[in-house]
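**Student:**
Number of protein chains: 2
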Amino acid sequence: MRTAGNTGGPGGEGASFAPVRCGVLCEDCRVRAVAVCRAMGGPALDELEAITTRIRLAAGRTLFDEGDPADGLFTLTEGVVKIFKMLADGRRQITGFLLPGDFLGLAFFRSYAYSAEAVTDALLCRFPRDRFMALLERHPALEKELLSRASSELAAAQEQMLLLGRKSAKERVASFLLALARRHPGAGAAPVPLPMSRYDIADYLGLTIETVSRELQAARASGVIDLPDRHHFRVVDRQRLLAAAAL
Amino acid sequence: MRTAGNTGGPGGEGASFAPVRCGVLCEDCRVRAVAVCRAMGGPALDELEAITTRIRLAAGRTLFDEGDPADGLFTLTEGVVKIFKMLADGRRQITGFLLPGDFLGLAFFRSYAYSAEAVTDALLCRFPRDRFMALLERHPALEKELLSRASSELAAAQEQMLLLGRKSAKERVASFLLALARRHPGAGAAPVPLPMSRYDIADYLGLTIETVSRELQAARASGVIDLPDRHHFRVVDRQRLLAAAAL
DNA sequence: CCGAGCTTTTGATCTGGGTCAATGCCGCAG
DNA sequence: CTGCGGCATTGACCCAGATCAAAAGCTCGG
Numbered sequence: 091m092r093t094a095g096n097t098g099g100p101g102g103e104g105a106s107f108a109p110v111r112c113g114v115l116c117e118d119c120r121v122r123a124v125a126v127c128r129a130m131g132g133p134a135l136d137e138l139e140a141i142t143t144r145i146r147l148a149a150g151r152t153l154f155d156e157g158d159p160a161d162g163l164f165t166l167t168e169g170v171v172k173i174f175k176m177l178a179d180g181r182r183q184i185t186g187f188l189l190p191g192d193f194l195g196l197a198f199f200r201s202y203a204y205s206a207e208a209v210t211d212a213l214l215c216r217f218p219r220d221r222f223m224a225l226l227e228r229h230p231a232l233e234k235e236l237l238s239r240a241s242s243e244l245a246a247a248q249e250q251m252l253l254l255g256r257k258s259a260k261e262r263v264a265s266f267l268l269a270l271a272r273r274h275p276g277a278g279a280a281p282v283p284l285p286m287s288r289y290d291i292a293d294y295l296g297l298t299i300e301t302v303s304r305e306l307q308a309a310r311a312s313g314v315i316d317l318p319d320r321h322h323f324r325v326v327d328r329q330r331l332l333a334a335a336a337l
Numbered sequence: 091m092r093t094a095g096n097t098g099g100p101g102g103e104g105a106s107f108a109p110v111r112c113g114v115l116c117e118d119c120r121v122r123a124v125a126v127c128r129a130m131g132g133p134a135l136d137e138l139e140a141i142t143t144r145i146r147l148a149a150g151r152t153l154f155d156e157g158d159p160a161d162g163l164f165t166l167t168e169g170v171v172k173i174f175k176m177l178a179d180g181r182r183q184i185t186g187f188l189l190p191g192d193f194l195g196l197a198f199f200r201s202y203a204y205s206a207e208a209v210t211d212a213l214l215c216r217f218p219r220d221r222f223m224a225l226l227e228r229h230p231a232l233e234k235e236l237l238s239r240a241s242s243e244l245a246a247a248q249e250q251m252l253l254l255g256r257k258s259a260k261e262r263v264a265s266f267l268l269a270l271a272r273r274h275p276g277a278g279a280a281p282v283p284l285p286m287s288r289y290d291i292a293d294y295l296g297l298t299i300e301t302v303s304r305e306l307q308a309a310r311a312s313g314v315i316d317l318p319d320r321h322h323f324r325v326v327d328r329q330r331l332l333a334a335a336a337l
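These protein sequence lines are chains A and B, in that order. When we follow my numbering, the leftmost residue of the first sequence carries the number 91, and every step to the right adds one. When we follow my numbering, the leftmost residue of the second sequence carries the number 91, and every step to the right adds one.
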């Protein structure tokens, strides 16, 4: 069995950002951060702001590891973060790619149930666990928001279980591309960023990098998608991509 | 590809119970129901009781289907219920087996994201959605309980994604048996009920019935487990079962 | 007790995707 | 510009688990 080695990434301890990749990071991070917190906090915004620290994370850096004491909660404001679990022998399953606006770190036990690592340079808001929980006590609306997010995450997880348990390689790749395209705000024909490596895609879809590569090339060859470069794709024939995804 | 046909089950419209199977159902259902609701409701117990209707569901009967309007929430008090998603061609992924005390039906959208069906005869408490939501409004403790449950379900879902994406057939079956044994209250050496069919196990583990059967027989042959009958097993060598599960 | 209709087990074969092995590509350092 | 190291692609081969097939148990109605 192959070891999904941690690539480690080049960036130094989250200190300074590498040049922006894939257009995922934008300039006015502060504006975005506030917008995300507003969506998150609602009426509790001011208090939420008060306990927030902003965190920069260079691509490849670890936010936390499975089993670490869960003393913080986070919202992602810029960039892409992956969350994953690993087996003792190094096999890895990425359980999600988080995009701006996503929440992570909720652990009703004392330690994180998964690891989190930046795919691209990322910016997050961090809330200390105890203070956040106290805030939750005073703001039921915040709790409701959290419940709603947890419940849609659960639905996504079930969808992914269906993919992992019952779909073919071709269907998995097609489903993945469609999900990315759906979440990408840009217009129909614009290229969609594919910021993660083939390794990450493979570990998300329960495949190998070779199979991911083959399926992507096959989809390109059959004219379903276009691959302008390694980290972008364009949906050319949405009908056939939908059919291939077996939704 | 093989169709995971709905077995339909013999029981008539949830009217009367077939004889108890696997010892999953006990006699004083009312006592259990109250106990479960208490765990669920905490201080809101009285109000929760007031909006509760008890539901009996014969083995094989459907509680609700994916896409149905989500007008009810449920707690399972007796029996086993499976929740699953299906593809258009009949492939099925069971995303969970629910045991007494488990909650189901939370849908922050207007329709259920999955189907639910009784594995054994089952007894549930049903709460009308709107009334339950109103109750949630007045009882933050209830909301907190729900959030805590959703978050541990999410952790379980991620564990299952790891299993489906990265574990071998042998590891999947071993993990499944261990999880069942862990949830079973009885003492160490007592046989653990295995109320679901091989078909259900296969659709939960992303395998075929033949592979499940082969792995179970192999585990029995190697002395790791004992299979007194089709619907019970006993952990004989916990160390080796743990090792086989690749936790 | 018998037989129909199941579920489960067991055996034989096939194949999708994994593994192994080059080769190509691209970005960065010198 | 050149070489190096890390992705990504491509090809050849292999194997875990699917598929196909058949036999063996259960269970239930009569």
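From the three backbone atoms N, C-alpha and C, an ideal C-beta is built for every residue, glycine too. Given the structure is predicted, the values throughout are model-derived calculations rather than measurements.
For residue 164 of chain B, I'd like the list of residues in its chain whose CB is within less than 6 Å of its CB, leaving aside the five on either flank, ordered along the chain.
**Tutor:** If we look at residue 164 of chain B and ignore the five residues flanking it on each side, its Cβ neighbours are 194, 195, 214 and 216.
**Student:** For residue 273 of chain B, count neighbouring Cβ atoms within 10 angstroms of its own Cβ and tell me buried if that reaches 16, exposed if not.
**Tutor:** That one is exposed.
**Student:** Is the beta carbon of residue 141 of chain A less than 8 Å from the beta carbon of residue 218 of chain A?
**Tutor:** Yes, the Cβ-Cβ distance between residue 141 of chain A and residue 218 of chain A is below 8 Å.
**Student:** What are the boundary residues of the alpha helix (DSSP H) that includes residue 299 of chain B?
**Tutor:** Looking at the DSSP string, the run of the alpha helix (DSSP H) that includes residue 299 of chain B is 299-311.
**Student:** Please return the same chain residues whose Cβ sits closer than 7 Å to the Cβ of residue 260 of chain A, not counting the five positions on each side in sequence.
**Tutor:** 305 and 334, listed in sequence order.
**Student:** Below 8 Å on C-beta distance, what does residue 324 of chain B contact in chain A?
**Tutor:** Those within 8 Å of residue 324 of chain B in chain A number zero; the least Cβ separation is about 26 Å.
**Student:** Name the DSSP beta bridge partners of residue 223 of chain B, please?
**Tutor:** According to DSSP, which records beta bridges pairwise, residue 223 of chain B is partnered with nothing at all.
**Student:** Could you give the DSSP three-state label for residue 293 of chain A: helix, strand or coil?
**Tutor:** Of the three classes helix, strand and coil, the one that applies to residue 293 of chain A here is helix, per DSSP.
**Student:** I'd like to know whether the C-beta atoms of residue 180 of chain A and residue 183 of chain B end up nearer to each other than 8 Å.
**Tutor:** No. Outside cutoff.
**Student:** Would you mind reading off the limits of the alpha helix (DSSP H) that contains residue 198 of chain A?
**Tutor:** No alpha helix (DSSP H) contains residue 198 of chain A, which DSSP labels as neither H nor E.
**Student:** For residue 200 of chain A versus residue 247 of chain A, is the C-beta spacing smaller than 8 Å?
**Tutor:** Taking 8 Å as the Cβ cut-off, residue 200 of chain A and residue 247 of chain A do not qualify as a contacting pair.
**Student:** For residue 242 of chain A, return the contacting residues in chain B, with the cut-off set at a CB-CB distance below 7 Å.
**Tutor:** Result: 198.
**Student:** Using a Cβ-Cβ distance cut-off of 8 Å, determine whether residue 329 of chain B contacts chain A.
**Tutor:** It does not; no Cβ of chain A falls within 8 Å.
**Student:** Measure the C-alpha to C-alpha separation of residue 298 of chain B and residue 291 of chain B and round it to an integer number of angstroms.
**Tutor:** Taking the straight line joining both Cα atoms gives about 9 Å.
**Student:** At a Cβ cut of 9 Å, what residues of the region 226-237 of chain B count as close to chain A, listed as they run along the chain?
**Tutor:** From the region 226-237 of chain B, only 226, 227, 230, 233, 234, 236 and 237 have a Cβ closer than 9 Å to chain A.
**Student:** Could you confirm whether any beta carbon from chain B is found closer than 8 Å to the beta carbon of residue 251 of chain A?
**Tutor:** By this cut-off, residue 251 of chain A is an interface position.
**Student:** Are there 16 or more other CB atoms within 10 angstroms of the CB of residue 223 of chain A, so buried, or fewer, so exposed?
**Tutor:** Residue 223 of chain A should be labelled exposed.
**Student:** What span of residues does the alpha helix (DSSP H) with residue 256 of chain A cover, start to end?
**Tutor:** Per DSSP, residue 256 of chain A belongs to the alpha helix (DSSP H) from 230-256.
**Student:** Count the other CB atoms within 10 Å of the CB of residue 227 of chain A; is the residue buried (16 or more) or exposed (fewer)?
**Tutor:** The residue is exposed, with fewer than 16 neighbouring Cβ atoms inside 10 Å.
**Student:** For a contact meaning CB atoms closer than 7 Å, what does residue 204 of chain A contact in chain B?
**Tutor:** Within 7 Å Cβ-Cβ: 248.
**Student:** Would residue 212 of chain A and residue 147 of chain A qualify as a contact pair, given that the criterion is a beta-carbon distance under 8 Å?
**Tutor:** Yes; because the gap between Cβ atoms is below 8 Å, this pair is in contact.
**Student:** With DSSP as the reference, please indicate the residues paired to residue 142 of chain B in a beta bridge.
**Tutor:** None; residue 142 of chain B has no bridge partner.
**Student:** Assuming residue 203 of chain A and residue 153 of chain A are in contact, meaning their beta carbons sit under 8 Å apart, how far apart are those beta carbons, in whole angstroms?
**Tutor:** Actually they are not in contact, since the Cβ atoms of residue 203 of chain A and residue 153 of chain A sit about 14 Å apart, beyond 8 Å.
**Student:** CA-CA distance, residue 155 of chain B and residue 271 of chain B?
**Tutor:** Each residue's Cα considered, the two are about 29 Å apart.
**Student:** Can you find a CB in chain B that lies within less than 8 Å of the CB of residue 175 of chain A?
**Tutor:** Chain B contact via Cβ: present.
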